[in-house]
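Chains as they are written, first to last, in our numbering: chain Y, 1 to 470; chain V, 471 to 957; chain H, 958 to 1062.
Encoded as C-alpha cells, the structure appears first; notes follow it.
Following this line, the structure appears as C-alpha cells:
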C-alpha cells in the first residue's frame, strides 16, 4: 500500500487550510466541532515516536453521526447538542488504530436525512466549488472538508446516496461499500438496513485505501460480514499496458439515461463510457427494470426504520430534555423541540406506513419491490457484467435554498438509492464540469466486489488525468 | 352474545376460557444482545452498556446461549423448533424501554405447537397445547416509590433474555391453569433453562380470561390480568376475574378489553392503564439482526442434551416403582429430589419405603435445617441402610426415626447406632418377659383388670413395655406374650 | 392513498410528537405530496413468488463476551439522575402505587 499522498498532508497543514476556508462566520461551515489542541498534540507525539502505521499522522474528518470519544456526536440535531458518546464507532477506532488523527466532526443533514446539508440544525455547509451552492448531503460537511483541502480522507455515511451525491457535487471521490463490509457499530442509525459507512478522498486510490482500513468483520454488528477484506488500495492500482480494462464488461443501465437526466451530464457520461472502451472495456446496454420504483421504495422503508430508530431520543437517558410536569408532555416537548422539519416529516411518514392497516400496502409491498430491485442487479451481474456505469446525480450542485419541495429533493438520490436498496458497492468520481460545477460518474459492482469497481474507477481516473484530485 | 338477565341466580352455565402467557428469564450469564451481566440486585444501572442503554449507534448481537436455552425449552415442551425465526421490533414508548422498541419475535417465532400435561391421572392424560415460544428482551424497571417527585428508571434488567410461552386459550378452570403453570415451571427447572421463580420475577405470568355460555364456540372479550406473584395468586385472580365478568354479563353489561392488575391484599383486580394512548406496536422485522438460522444438527444436539422430562419420569416411576400418583407427583417435583429418591430406592432396595422416607422425615429435616437436599448430612447410602434395617424388621419405625435424627449429627452407620443405643428390636422371650413383669409390678391395677379379662388394656400395656424398652421391644412378640399370659 | 389531519395527529401521537395547529395543514399537504409519489408502488404489478432467496443467518455472540465499556459515567450524559437512577417525571397513573410497573415484557 502506498499512502504518500495522504501522509503528505499533515495535521498542521490541515489546520492552516481549516483557518483559511472553514473558520469563522464566513467559512464553509463544514465542521461542527474540532479538536485542534488534541490533534496537534497527537501529531507531535506520533512524529516523535516515528509511528509507521498506514495512516500515521494523517488528519481525518468524521461525519457527526459516527460516535467519537473526543468530540461531540450531534448528528446535526438539536436533540444531541453537546452529547459526547461514551464509546467510539468501530470505523473511527480502526482509523485511529491505523494512526489517523481525528481533527473534527463534520456537518450533515439532521440524522442524515437530506441531500443538501441544509437540514442541519447548525446551519448549511457551503460547497467549496461555489459557495452559493450546497455541497450535497447528507454528508456535505465531510465532502466539503475534502474538496476544500482541509483533509484528504473523511468518513461519511450513506442511506440513499449521502456519500456519492455530495462527492459528485464537490468534485471528489466518494465510496459506499457493500452492505456489511464496514461495521455500523457507532454509526447513529437512520435506516439500519440501508445505512453504510462511506469514505471521501481526492482520488480513487486514497478512497480505496481508506475503505480497506475501516472494513472488516466486527463482532458488535450482526449485519457486518465475516468476509476477508482484499487489498483494496492495491486494487486501485493501474494494470500495465494500453488496455488495462481488457476483458472488463461495463453495463450501461438504460433506465439511468432517460430524459430526466441533464443532457450535459449525459454527455460527460457518454464521454466516460468512450474512455472505458478505449481502455479495453466492453460497454453493454443493460436493463434494471424496477429502477423507477426505487425512490418510492426508499421513502417507505427508510422512514419506517427511521421512525423506530429515532424513538430512543426521548430525553430519558441522554441528549436534550424539555422540562415538563408529566411524562407524556416531556416526551412530546423533547421530541418536537429536538427534531427539525425533515426529521419530523420522515418520522410521521414512517410511523404511518407501519401503522395498523397500512403495513401491507406500504412496508410489505416496498420490501417485495426492494427484492425485485436487488434481483435486477443480480441478474445483470450474473450475465457477465462486471461493473455498471451511470451518472451519480441528475443535476450538478443546486443553489442553497433552491429546492424546497421535499420530493424534488428526494429525486436528487434517484441514481444512488438503488445501490443502498441492493446493498451493492458503488462510488462516485469526478468526470467533468458543467458550468464550472463538478459532475460525478458512478460505478456499481456486485456485492463484495469493490476491487473490480476500484480497478475500473482508477483506470478512468488515470485516463482523465485526475489522480491528483479534481 | 345474548345476555338474558335472570331475576335471581344464574341461568347461564358460563364456561371459563383461560390463555396463559408466561415470561421466563433464561439462565444466561450475560444479556440477550450485549455482554452485560444478568445478575440480580446490583446498584441501579450498573449492569448497563451502550447497547442496553440504547445509546446512539449501538447495535444488538444475539447471545448464543440464550438461543440454546430457548431451543431446549421449546423441545422440552414438545414444540417444533423452526429452522428460521425472525426478530422484530415492537414499538412503544415507556421510560424503562431504552430504544423505544422491544426486540421480540413476532410472526416467525423460534418454536410453535407444544403440549403440557395438566392431568396424567386420567387416560389419556389431559394436555393443554402450547401455541408458541418466542425469544425477546426484558424491559428495565420503573420504580415509583423511591422518590416522591419523580419516577426512577433502573435498566439493569433491560435486555435480560426472556422466552414467552403462550398457551392456546383452552384452559377452563383455575385449577388447570395452576396445574399448567406448575408443570411448565417444572419443565423449565428440569431443563435448567430458568430459575423459574415467580417471587424473584424470573417467571412472570399474565392470564387472559374470557367467559362464554357453555356450548358457544366464539370467544368472549378477554381481559389480561398481570401482577401475579405466585401460583396461588394466579388461581385467586382467575376466580375473582371469572366472578367479575360473570356478574358484569349477567347484569347486562359488557366486558371491556383491558389490562388488569391483581391486588393480592384486597383479592381484587383493578385497571392498569399505565401506558397511555392506543396500542399500535408497528411491528416490523428487526433490520439490525438477520434471520436466526438453526441447523438440524444444532437442534438435535440440544435435544440430546435434555434430561429425562417430568412426564417421562412420572411414567417410569409408576411403572418401575409402583408408586401412587400423589407420591410420584411430589417426588418428581424437581430433579434433585427425584434423583435422590432413586439413589435411596436403589441402595435400600425398598422403593415404597424410600418414597415415604424422602417425602416424610428427609424433606422435613431438610426444610428444618434450611439447607439443600444435596447437602443433607444423611447421605443416600446410610439412609438406604437405615431403611433396609427397618424393612427387615431389625428396628421399629420409631427407632428408625430416632436413629435418623442421630445420623444427622454423626457420621455413624445406622446399624452401629442401633446396636450401641440398644435400638435393635428385642425378640428374645426372656428379656421381653422381664419387661412385662416390671410393667405388671409398676401398674398392678391395670395388670389385674387385664388379667380379669379387660382385653382392651392390652394396647396400654404394650405401650408401657415399648417405653420401658426404649422402643427396642418387638411389639408383635410383646402382644403374643401378653395374650398368652391372659389365657 | 392520502392522509387527513386526524391521521397525521394520530400518527404524531404514536410517535410522541406534538404538532402545532399552525403547522398541521402544511404537514398534511407535504405528506400527501410524498404519498402520491409512493403510490407508484401500489400501481406496480408484483410477482406472486419471488423465488428462493437465500439470506445468510445471523452471527451469534458467546455468553461470556464482556460488554462494550462506557468510557463516561451515566451522569455525564444523562439529563437527570439521582442515586444512580435515571429520573423522569412522575407517572400520573402511579401516584399512589407502591409496586414497580412492568413494561410490556
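Ideal Cβ placement from N, Cα and C applies to all residues, glycine included.
Starting from residue i and walking both ways along the alpha helix (DSSP H), at which residues does that stretch end?
i	result
residue 605 of chain V	It is not in any alpha helix (DSSP H) - residue 605 of chain V instead sits in the beta strand (DSSP E) that spans 596-607.
residue 474 of chain Y	Nothing in the structure corresponds to residue 474 of chain Y, since chain Y is present only between 1 and 470.
residue 971 of chain H	962-971
residue 916 of chain V	914-921
residue 472 of chain Y	Limits of chain Y in this structure are 1 at one end and 470 at the other, which puts residue 472 of chain Y out of reach.
residue 9 of chain Y	First-last for residue 9 of chain Y: undefined, no H or E at that position.
residue 995 of chain H	981-995
residue 462 of chain Y	450-463
residue 635 of chain V	Taken as a continuous stretch (DSSP letters only), residue 635 of chain V belongs to no alpha helix (DSSP H), being part of the beta strand (DSSP E) at 631-637.
residue 931 of chain V	928-938
residue 307 of chain Y	294-309
residue 141 of chain Y	140-147
Please identify the residue among the options whose C-alpha is closest to the C-alpha of residue i.
i	options	result
residue 193 of chain Y	V:931, V:529, V:837	V:529
residue 95 of chain Y	Y:436, Y:154, Y:171	Y:154
residue 1020 of chain H	V:518, V:502, V:556	V:502
residue 809 of chain V	V:873, V:849, V:835, V:774	V:849
residue 659 of chain V	V:642, V:673, V:921	V:673
residue 1048 of chain H	Y:347, Y:220, Y:440, Y:324	Y:324
residue 732 of chain V	V:523, V:700, V:725, V:874	V:700
residue 545 of chain V	V:777, V:847, V:880	V:777
residue 372 of chain Y	Y:187, Y:231, Y:291, Y:151	Y:291
residue 1008 of chain H	Y:374, Y:388, Y:449, Y:417	Y:374
residue 1003 of chain H	Y:403, Y:368, Y:446, Y:202	Y:368
residue 421 of chain Y	V:677, V:558, V:757	V:757
residue 263 of chain Y	Y:433, Y:189, Y:204, Y:378	Y:433
residue 524 of chain V	H:970, H:998, H:963, H:1035	H:1035
residue 991 of chain H	Y:152, Y:295, Y:102, Y:128	Y:295
residue 609 of chain V	V:490, V:571, V:921	V:571
Give the residues of chain V in contact with residue i, contact being defined as C-beta atoms less than 7 Å apart.
i	result
residue 316 of chain Y	565, 623
residue 1014 of chain H	760, 761, 762, 763
residue 1031 of chain H	515
Opposite residue i in the DSSP bridges: which residues?
i	result
residue 31 of chain Y	Y:106
residue 157 of chain Y	Y:197
residue 571 of chain V	V:561
residue 440 of chain Y	Y:430
residue 624 of chain V	V:611
From what residue to what residue does the beta strand (DSSP E) around residue i run?
i	result
residue 680 of chain V	673-683
residue 490 of chain V	484-495
residue 252 of chain Y	249-253
residue 39 of chain Y	Taken as a continuous stretch (DSSP letters only), residue 39 of chain Y belongs to no beta strand (DSSP E), being part of the alpha helix (DSSP H) at 36-49.
residue 388 of chain Y	387-391
Could one say the Cβ of residue i lies closer than 8 Å to chain C's Cβ atoms, at least one of them?
i	result
residue 1019 of chain H	In the structure shown, chain C does not exist; the protein chains are Y, V and H.
Since residue i meets chain Y, which of its residues come closer than 8 Å, beta carbon to beta carbon?
i	result
residue 524 of chain V	312, 317
residue 531 of chain V	219, 220, 221, 222
residue 964 of chain H	352
residue 1042 of chain H	Those do not exist, as residue 1042 of chain H stays about 11 Å from chain Y at its closest Cβ, beyond 8 Å.
What does residue i reach in chain H if we use C-beta pairs closer than 7 Å?
i	result
residue 833 of chain V	Here the premise fails: no neighbours, minimum Cβ distance about 33 Å.
Can you list the residues of chain V that residue i reaches, using a CB-CB cut of under 8 Å?
i	result
residue 331 of chain Y	563
residue 1036 of chain H	Chain V residues near residue 1036 of chain H: none, gap ~12 Å exceeds 8 Å.
Residues of chain H with a CB under 9 Å from the CB of residue i: which are they?
i	result
residue 241 of chain Y	Within 9 Å Cβ-Cβ: nothing; residue 241 of chain Y doesn't reach chain H, min ~38 Å.
residue 326 of chain Y	1046, 1047, 1048, 1049
Quick one: which chain V residues come within Cβ less than 9 Å of residue i?
i	result
residue 1027 of chain H	518, 519, 520, 523, 525
Which bits of chain Y does residue i rub up against, with CB to CB less than 7 Å?
i	result
residue 750 of chain V	355, 356
Applying a beta-carbon distance threshold of less than 8 Å, which residues of chain H neighbour residue i?
i	result
residue 299 of chain Y	991, 994, 995
Residues of chain Y with CB under 9 Å from residue i, in chain order?
i	result
residue 973 of chain H	311, 314, 328, 331, 332, 334, 335, 336
What runs of the beta strand (DSSP E), each 3 residues or longer, lie entirely inside the stretch 734-805 of chain V? 738-741
Quick check for students: name the residue ranges of the alpha helix (DSSP H) that lie wholly in the stretch 399-435 of chain Y, counting only runs of 4 or more. 406-410, 417-422
What are the uninterrupted segments assigned as alpha helix (DSSP H) that are 4 or more residues long and contained completely in the stretch 650-733 of chain V, given in chain order? 701-720
Which complete alpha helix (DSSP H) runs does the stretch 301-377 of chain Y hold, if anything under 4 residues is left out? 327-338, 341-354
Output the residue ranges of the alpha helix (DSSP H) runs that lie fully inside the stretch 835-869 of chain V and measure 4 residues or longer, sorted by chain position. 850-861
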